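**Q** Going by UniProt numbering, the letters in the sequence shown line up with residues 1 to 277, in that order.
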Amino acid sequence: MIGHTDNAIEIDAPVPFVFAQTNDVRTWPDLFSEYAKAEVLEEDEDSVTFRLTMHPDEQGREWSWVSTRAWDTSTWTVRSRRVEKGPFEFMNITWTFEELAADRTRMRWVQDFEMKDGAPLDTAGMTDRINANTAVQMGLIKDKVERRRRTAVGFHDVPANRKRGGDVRTMVSPATAGSTSGFCGAVRLAPGEKVTEHYHPYSEEYLFVATGELRVELDGEPLAVGAEQALLIPRNVRHRLVNEGDAEVLAVFQLSPLAPRPELGHVDTESYPEEVS
1 MIGHTDNAIE
11 IDAPVPFVFA
21 QTNDVRTWPD
31 LFSEYAKAEV
41 LEEDEDSVTF
51 RLTMHPDEQG
61 REWSWVSTRA
71 WDTSTWTVRS
81 RRVEKGPFEF
91 MNITWTFEEL
101 AADRTRMRWV
111 QDFEMKDGAP
121 LDTAGMTDRI
131 NANTAVQMGL
141 IKDKVERRRR
151 TAVGFHDVPA
161 NRKRGGDVRT
171 MVSPATAGST
181 SGFCGAVRLA
191 PGEKVTEHYH
201 PYSEEYLFVA
211 TGELRVELDG
221 EPLAVGAEQA
231 LLIPRNVRHR
241 LVNEGDAEVL
251 AVFQLSPLAP
261 RPELGHVDTE
271 SYPEEVS
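(1) What does the alpha-carbon distance come out to for the pair proline 174 and threonine 180?
(2) How far does the beta strand (DSSP E) with threonine 105 in it extend, from its first residue to its last?
(3) Can you round the beta-carbon distance between arginine 81 and threonine 68 to whole angstroms, since I take them to be within the 8 Å contact cut?
(4) Flag this pair as yes or no: are the beta carbons of alanine 13 and valine 172 separated by less than 8 Å?
(5) Going by beta-carbon coordinates alone, are serine 33 and glutamine 137 separated by less than 8 Å?
(6) Look at valine 40 and arginine 26 and say whether their C-beta atoms are less than 8 Å apart.
(7) Taking 7 Å as the limit between beta carbons, can you name the residues of its chain near alanine 102, skipping five residues before and five after?
(8) Measuring CB to CB, does glycine 182 end up less than 8 Å from proline 234?
(9) Apply the 10 Å Cβ neighbour rule to phenylalanine 178 and answer buried if 16 or more other Cβ atoms are within range, or exposed otherwise.
(10) Rounded to the nearest angstrom, what separates glycine 220 and glutamate 10 at their Cα positions?
(11) For leucine 250 and valine 83, I'd like the C-alpha separation in whole angstroms.
(12) Could you confirm whether any beta carbon from chain B is found closer than 8 Å to the beta carbon of aspartate 72?
(13) Taking its Cβ as the centre, do 16 or more other Cβ atoms sit within 10 Å of methionine 1, making it buried, or is it exposed?
(14) Using the Cα positions of glutamate 62 and lysine 37, report the straight-line distance between them to the nearest angstrom.
(15) Quickly, what does DSSP pair glutamate 39 with across the bridge? List them, please.
(16) Can you give, in chain order, each stretch of the alpha helix (DSSP H) that sits fully within the region 150–196 and has at least 4 residues?
(17) Give the DSSP-derived three-state secondary structure of phenylalanine 90 in the structure shown.
(18) Tell me whether tryptophan 95 sits in a helix, a strand or coil according to DSSP, three-state version.
(19) My output table needs one value for glutamate 275: the three-state DSSP class, helix, strand or coil.
(20) Which residues in the same chain as tryptophan 65 place their Cβ atom closer than 8 Å to its Cβ, once the five residues preceding and following it in sequence are excluded?
(21) With distances taken between CB atoms, is the gap from alanine 190 to glutamate 248 smaller than 8 Å?
(22) Keeping to the same chain, check which residues put their C-beta closer than 6 Å to that of threonine 94; ignore five residues upstream and five downstream.
Below, the structure is given as structure tokens:
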């Protein structure tokens with residue numbers, strides 16, 4: 001007898017965000033209630049082999065096994081199988097992610113398996129257990145993923161980008177909150193610091209200076225932007241940010257719409273600070 005389960009849930013978040021949040025196996029102990037530890041053994045760009053360890057059962061036993069997963073983001077599909085099979089003859093799993101709307105995703109898990117003779121549960125019993133537990137885990141994941149889209153992101157909650165000068169932090173983005181039409185963040189510039197010249201071929205940039213005063217150069221023309229002033233930087237306009245004052249500058253930026261791919265959204269026209277001789 002071959003066991004088969006097919007379960008789905010709808011999550012109020014875009015497909016790329018749901019896909020990224022649910023396929024980072026390192027975070028599974030925080031995402032699922034049943035896993036105590038996830039250890040990545042081997043990984044590359046589109047696959048991962050890992051060991052999962054469950055919380056101890058009623059008898060204090062810790063169940064652990066190795067699985068491998070491979071994904072295809074062009075179809076939003078993940079295929080997984082157990083390498084260490086334990087009580088299973090085999091266990092194959094397929095996850096699919098379907099866009100129902102810009103901010104709504106249908107996540108579906110299909111599992112095909114067979115139990116070994118003498119296993120604690122037969123195939124029918126394991127089918128019932130998987131169906132019951134999947135409903136619980138999917139409900140938890142839905143709640144956690146949706147809450148992450150509504151969580152405030154602090155300046156120091158995300159890594160600094162210093163490649164172009166200053167301390168640039170992208171705080172609300174497709175990666176952190178599942179934004180679909182733009183992203184925003186902030187930059188701190190110490191006296192004498194600058195963000196090197198660049199332009200955005202797809203996005204307008206909205207710049208708000210919270211504290212201090214910036215010299216913003218637009219296509220080489222300098223403009224002073226003081227505290228509590230805002231500035232539009234149109235598409236394809238080369239711009240450089242310079243702090244010529246004696247106090248730190250804190251500026252907030254927003255870009256919209258998103259470029260087709262992140263690497264297409266920012267074009268440098270000046271060497272990074274560390275490359276300047």
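Cβ coordinates follow ideal geometry from the N, Cα and C atoms, glycine included. Only a predicted model underlies this, so the values are computations on that prediction, with no experimental measurement involved.
**A** Let me lay it out:
(1) Straight across, the Cα-Cα distance linking proline 174 with threonine 180 is about 6 Å.
(2) Its beta strand (DSSP E) spans residues 104–115.
(3) Contact between arginine 81 and threonine 68 holds: their C-beta atoms lie close to 6 Å from each other, under 8 Å.
(4) Contact flag unset, no.
(5) Yes, the Cβ-Cβ distance between serine 33 and glutamine 137 is below 8 Å.
(6) Yes, these two residues count as a Cβ contact at 8 Å.
(7) Its chain contains Pro14 and Thr180 as the residues whose beta carbon lies nearer than 7 Å to that of alanine 102, once the 5 sequence neighbours on both sides are disregarded; these appear in chain order.
(8) Not closer than 8 Å, so no.
(9) Sequence check: residue 178 is glycine here, not phenylalanine. With a 10 Å radius around the Cβ and a threshold of 16 neighbouring Cβ atoms, glycine 178 comes out buried.
(10) Rounded to the nearest whole angstrom, the CA to CA distance from glycine 220 to glutamate 10 is 49 Å.
(11) Rounded to the nearest angstrom, the two C-alpha atoms are 51 Å apart.
(12) Looking for chain B here will not work: only one protein chain is present.
(13) Label assigned to methionine 1: exposed.
(14) In this structure, the straight-line span from the alpha carbon of glutamate 62 to that of lysine 37 is close to 11 Å.
(15) When DSSP reads this structure, glutamate 39 sits in a beta bridge with Arg51.
(16) Runs of the alpha helix (DSSP H) inside the region 150–196: 174–177.
(17) Phenylalanine 90 carries a strand assignment under DSSP once its states are collapsed to helix, strand and coil.
(18) Three-state DSSP puts tryptophan 95 in a strand.
(19) Here glutamate 275 scores only 49 on pLDDT, less than 50, and its place in the model should not be relied on; the value that follows carries that caveat. In this structure, glutamate 275 counts as helix in the three-state DSSP scheme.
(20) Result list for tryptophan 65: Arg51, Leu52, Arg82, Val83, Glu84, Lys85 and Gly86, in chain order.
(21) Pairing alanine 190 with glutamate 248 gives a Cβ-Cβ distance under 8 Å.
(22) Arg79 and Val110.
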